[in-house]
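Those protein sequences? They're chains A and B, same order as listed.
The first sequence begins at 3 in the working numbering and counts up one residue at a time.
The second sequence begins at 15 in the working numbering and counts up one residue at a time.
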Amino acid sequence: MKYMMFVCTDTEPETDLAAPDIEKWVAENDASGRRVLGNQLVSPEAATTVRVRGGELLLTDGPFAETKEVIVGFDILECADLDEAIEVARAHPMAWHGRVELRPYHGG
Amino acid sequence: MDEVFFRESFSRIAATLIRLTGDWTLAEDCAMDAIEAALRRWPRDGRPDNPGGWLMTAARNRAIDQMRRAAMADRKLRDLALLRDDEPAPEGDDRLRLIFTCCHPALAVESRVALTLRTVAGLPTPEVARLFLVSEAAMARRLSRAKGRIAQAGIPYRVPSGATLTERLPSVLAVLYLLFTRGYDGEPALEAEAIRLARLLAALMPAEPEVSALLALCLLQHSRRAARQDPAGDLITLEHQDRSRWDHAAIAEAVGLLAGRPVTGPYAIQAHIAAGHATAPDFAATDWPALAGWYDQLARVHPSPVVEVNRAVAHGYAFGPAAGLAVLAGVRDALAGYAPALAAEADLTERAGDTATAAELFRRAAAAAGSEAERRALLKRVG
């Protein structure tokens, strides 16, 4: 199954020295083939929100809602099931500092 | 016909068909169809020699039939050979899988409980709806959402192993204990069902001390059922219960379950506390220093203000009211206005000799009491 992993941060993250190392996480999951693709995202101030209402294009500068937790990156995972995806996510440092959300692809 | 046998059969068949097809709805429908066929035919043709095998075969044939129709409708062939079950899982494995899947921590707790009752315990949906005080339609929707989530999120149909098993087992035990306590608080059917499931889990996982401890804890609490209310329905405290009315067979079974097993978690500690009460000849002869020791241990592994109140009571009986009041002093702020904490403080204060302060505390406890019966019992103590 494919999972989209949203990597979210609290804008004032706490530091947990026991958190795993991101470079090691990427290397390991690339090597095992469970990380299909992923990248970091520029801060939400650089975001552009696109909406069409009544046929008219509306562009908004920045994130739609003000929020403490923002998506700072994503990874696409290929895992046998949710338990495997949870194991990959729990080893990601942002699960320790922020939040990681797993969303399965529609139709697996 | 034997209702328990059919419920057991339902969950055993559903568990196996889920493993073979991965389709929860198909599995449950086919299990139900097979039971309905049995109820029609067995009275006429006689009960088969191997009723469980008969039901499993009927359900599997029904599933093959359904999948064949679906394959035709989809205009694509599916591997029906899959349903041949060449390597049947050892007895119990499929049901253990079912329990762990229904209790997966990625499901909401309410869904875990409802799904366990429907699929593992085999309770019909209207019955589950009644226990949750919701309409049948609402419960059917909740169950179908939970099953949809299992499929869509990719929750595996599996008993986890190693460190993951250690992490997941508490979720399974919590669901069973939640069922039990809901039963204890007024739904006897749930109490019996929880004990039945705890027994099943203990039989399937004999090497896990916390599983048999949970069963022992449920049995010990259940053993007092006949003695804990007076004819008016008021609660009788442990001190005043007629111990001859306790279920001594259940107590003996629970004590046997605990004997010689390591104490590895909160259920074992709580079971030992319950066993301490259950095996004391009377209230005064209770081994309070031992119970105080168990409460100290419980407070370490599972700290909570409520545990502290019980710990204070045990210390009060074991080492004198001053020792109990000292424990209570540590949680007074966290539990301001909590009736059992006030009642414990009142009792300890009274036994320390300060009857005037005790009376005032009993009055405050009564004002904070959750039920009318509890309020009446506390006011009696004002004297």
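Beta carbons are placed, not taken as given, at the ideal position from N, Cα and C, and that holds for glycine.
Remember, it's a predicted structure, so these values are computed and weren't measured experimentally.
Per the C-alpha coordinates, the member of B/222, B/214, B/331 and B/28 positioned closest to residue 278 of chain B is B/222. Taken in chain order, the members of the segment 171-205 of chain B whose beta-carbon sits within less than 8 Å of a beta-carbon on chain A are 172, 174 and 178.
Shown here, residue 90 of chain A sits in a helix according to DSSP, grouped into three states. Annotation: the continuous beta strand (DSSP E) that includes residue 41 of chain A extends over 37-42.
Separation of residue 31 of chain B and residue 45 of chain B (C-alpha to C-alpha, rounded to the nearest whole angstrom) is 8 Å. Contact check between the segment 78-97 of chain A and the segment 168-177 of chain B: three or more CB pairs, one atom from each, fall below 8 Å, which counts as touching. Secondary structure at residue 77 of chain A: strand, using DSSP grouped into helix, strand and coil. B/345 is the residue among B/345, B/80 and B/339 whose C-alpha sits nearest the C-alpha of residue 321 of chain B.
Looking at the DSSP output, residue 5 of chain A sits in a beta bridge with A/79 and A/106.
With respect to residue 396 of chain B, residue 377 of chain B sits close: the two C-beta atoms are nearer than 8 Å.
For the pair of segments examined, the segment 75-84 of chain B was found not to touch the segment 147-154 of chain B: the number of CB pairs separated by less than 8 Å stays below three. Per the C-alpha coordinates, the member of B/290, B/363, B/41 and B/352 positioned closest to residue 29 of chain B is B/41. Of all residues in the segment 80-101 of chain A, the ones placed with a Cβ closer than 9 Å to any Cβ belonging to chain B are 81, 82, 83, 84, 85, 86, 87, 88 and 89, in chain order. In the same chain as residue 248 of chain B, and ignoring 5 residues on each side of it, the C-beta atoms closer than 8 Å to its own belong to 387, 390 and 391, in chain order.
The beta carbons of residue 272 of chain B and residue 285 of chain B sit closer together than 8 Å.
In this structure the segment 60-76 of chain B does not touch the segment 133-153 of chain B; the number of beta carbon pairs closer than 8 Å is below three. Rounded to whole angstroms, the separation of the alpha carbons of residue 243 of chain B and residue 174 of chain B is 42 Å.
Apart from the 5 residues on each side of it in sequence, residue 47 of chain B sits with its Cβ closer than 6 Å to the Cβ of 76 in its chain, given in chain order.
Residue 73 of chain B sits close to residue 27 of chain B, with the two beta carbons spaced by under 8 Å. Within the segment 22-52 of chain B, not one residue has a Cβ closer than 7 Å to any Cβ of chain A. Taking the Cβ atoms as the reference, residue 133 of chain B lies roughly 11 Å from residue 117 of chain B, outside the contact range of under 8 Å.
Classified as buried, residue 207 of chain B has 16 or more neighbouring CB atoms from the shown chains inside 10 Å of its CB. Around the Cβ of residue 231 of chain B, a 10 Å sphere holds 16 or more other Cβ atoms; the residue is buried. In this structure, residue 240 of chain B keeps its C-beta atom at 8 Å or more from the C-beta atom of residue 213 of chain B.
Taken through DSSP and simplified to helix, strand or coil, residue 232 of chain B comes out as helix.
Counting along the chain, the unbroken alpha helix (DSSP H) around residue 315 of chain B starts and ends at 302-315. Residue 318 of chain B has its alpha-carbon roughly 27 Å from the corresponding atom of residue 216 of chain B.
For residue 85 of chain A, the three-state secondary structure derived from DSSP is helix. With respect to residue 352 of chain B, residue 313 of chain B sits apart: the two C-beta atoms are not nearer than 8 Å. Take residue 69 of chain B, set aside five residues on each side of it, and the residues of its chain with a beta-carbon closer than 7 Å to its own are 23, 27, 48, 49 and 52, in chain order. Taking residue 71 of chain A as the centre and dropping the five residues before and after it, the same chain places the C-beta of 10, 11, 12, 13, 100 and 101 closer than 8 Å to its C-beta, in chain order.
DSSP, reduced to helix, strand and coil, places residue 61 of chain A within a strand of the structure shown. Comparing alpha carbon positions, the residue from A/108, A/27 and A/44 closest to residue 89 of chain A is A/27. A straight-line Cα-Cα distance of about 19 Å links residue 105 of chain A and residue 98 of chain A. Separation of residue 356 of chain B and residue 325 of chain B (C-alpha to C-alpha, rounded to the nearest whole angstrom) is 14 Å. Beta-bridge partners assigned by DSSP to residue 53 of chain A: A/60.
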